[in-house]
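Peer 1: Right, I'll just put the structure down here and ask away after.
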Amino acid sequence: MLSTNSQLAIAILAAGKGKRMGNPDVAKVLTELHGAPLIQYVLDQTKSLPATGIVVIVGHQKQAVKDFVATYMPSVSCVSQDEQLGTGHAVLQAKELLDKPNMNVLILSGDVPLLTAQTLQGLIDFHNENLASATVLTTTVADPTGYGRIITSADGEFLRIVEQKDATDTELAVSEINSGVYVVKADSLFESLTQVGNVNAQGEYYLTDIIKILKQQGSSVMRYHTPNFWEVQGINTPMDLQAAASAML
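Each step along the sequence shown adds one to the number in our numbering, with nothing skipped, and position 10 is 26.
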């Protein structure tokens, strides 16, 4: 188990194409919100956290993303996901930099700009206090379409995350969703990622599958709930961008 004085590293997923944004020539995380690219807001989220290192995982339009990161926050490292094989595969690209003893890894999405430092610190503190192997930031929303669902047992025990395209009708009715933000012990993260397969509707290696794998191994997996959906909303469409712009105001 990691103690409460464990170190923190941060991985930011920033390789996506953002097909639904309507501008294939611009990396999704470089889409501007109130004059600043989405990833700038995510990098700003990390500034109040005691991280020993930050890694941005780039892919689509990777040089443009690397150039921005190098200019805006030179201390941040970048690694490339040359093939878009899913979020689990993306995180594996950072193994060499993040897989260290007594390390927690905070995983953020480069297209979630409105997270507050208070929520992130609360997530990290909860994870440490409960000596969890993995903790997922969740929220509840009236229309969960498009988001991974948080699946629990009848008595409320966290079992797994199921993606929209792989969910049954019963699972689709679940309103508690995965935000895409996690804290995971580094050794648990990278050991479980080696067991993730790609037999699913997307043919991708899902990061979300580590929850079920760790659960089956008897590791402690937990969820930390925020009531503020606007805080964890990803930017996937121009409509999402407009909603985030309004929320910021």
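Where is the CB? At the ideal position from N, CA and C, for every residue including glycine.
Since this is a predicted model, take the numbers as computed values, not measurements.
1. Could you give the uninterrupted runs of the alpha helix (DSSP H) lying entirely in the segment 74–141, keeping only those of 4 residues or more?
2. Considering only the beta carbon of each residue, do Val197 and Ile251 sit closer than 8 Å?
3. Could you pull the start and end residues of the beta strand (DSSP E) that Val197 belongs to?
4. Residues in its own chain within less than 6 Å of Ala133 by CB, not counting five upstream and five downstream?
5. Going straight from the alpha carbon of Ile26 to that of Ala148, what length do you get?
6. Taking a contact to mean a Cβ-Cβ separation below 8 Å, would you say Asp211 touches Ile229 in this structure?
7. Just list the residues that DSSP pairs Leu24 with in beta bridges.
8. So, is Ala170 buried or exposed, given that buried needs 16 or more other C-beta atoms within 10 angstroms?
9. Quick check: Ile167 and Val152, are their CB atoms within less than 8 Å of each other?
10. If contacts are defined as beta-carbon pairs under 8 Å, then Ile55 and Leu46 qualify, I think. What distance do you get, rounded to the angstrom?
11. Using a Cβ-Cβ cut-off of 7 Å (strictly less than) and excluding sequence neighbours within five positions of Phe245, which residues of its own chain qualify?
12. Would you check if there are 3 or more beta carbon pairs closer than 8 Å linking the segment 229–242 to the segment 84–99?
13. State the Cα-Cα distance for the pair Ala183 and Gly219, rounded to the nearest angstrom.
14. Using the C-alpha atoms, what's the distance from Val42 back to Lys35?
15. Helix, strand or coil: how does DSSP classify Leu18 here?
16. Excluding the five sequence neighbours on either side, which residues of its own chain have a C-beta within less than 7 Å of the C-beta of Pro53, listed in chain order?
17. Quick check on DSSP: helix, strand or coil for Thr62?
18. Near Asp115, what residues of its chain come up, given a Cβ to Cβ distance below 6 Å and the 5 sequence neighbours on each side ignored?
19. State yes or no: is the C-beta of Ser93 within less than 8 Å of the C-beta of Gly126?
20. Taking Cβ positions, are Pro129 and Tyr57 nearer each other than 8 Å?
Peer 2: This is what the structure gives:
1. Runs found: 78–88, 103–108 and 111–114.
2. For Val197 and Ile251, no; Cβs fall outside 8 Å.
3. In the DSSP assignment, Val197 falls within the beta strand (DSSP E) that extends over Glu192 to Lys201.
4. So the list reads Ser64, once near-sequence residues are dropped.
5. Computed Cα separation, rounded: 17 Å.
6. The question names Asp, but residue 211 is Gln in the sequence shown. In contact: Gln211 and Ile229 (Cβ atoms closer than 8 Å).
7. Note: Leu24 sits in a beta bridge opposite Ala67 and Asn120.
8. Label assigned to Ala170: exposed.
9. Not closer than 8 Å, so no.
10. Contact between Ile55 and Leu46 holds, since their C-beta atoms are separated by about 7 Å, short of 8 Å.
11. The beta carbon of Phe245 lies closer than 7 Å to those of Thr155 and Val157 in the same chain, with the five residues before and after it left out.
12. Verdict: no, contact absent.
13. C-alpha separation (whole angstroms): 15 Å.
14. Going from the Cα of Lys35 to the Cα of Val42 covers about 10 Å.
15. Here Leu18 scores only 42 on pLDDT, less than 50, and its place in the model should not be relied on; the value that follows carries that caveat. Shown here, Leu18 sits in coil according to DSSP, grouped into three states, outside any helix or strand.
16. Non-local beta-carbon contacts of Pro53 in its own chain, meaning distances under 7 Å to residues more than five positions away in sequence, involve Val45, Leu46, Thr47 and Phe84 in chain order.
17. In the structure shown, the three-state DSSP call for Thr62 is helix.
18. Excluding sequence neighbours, Asp115 sits near Ala202 and Phe206.
19. No. Outside cutoff.
20. Pairing Pro129 with Tyr57 gives a Cβ-Cβ distance under 8 Å.
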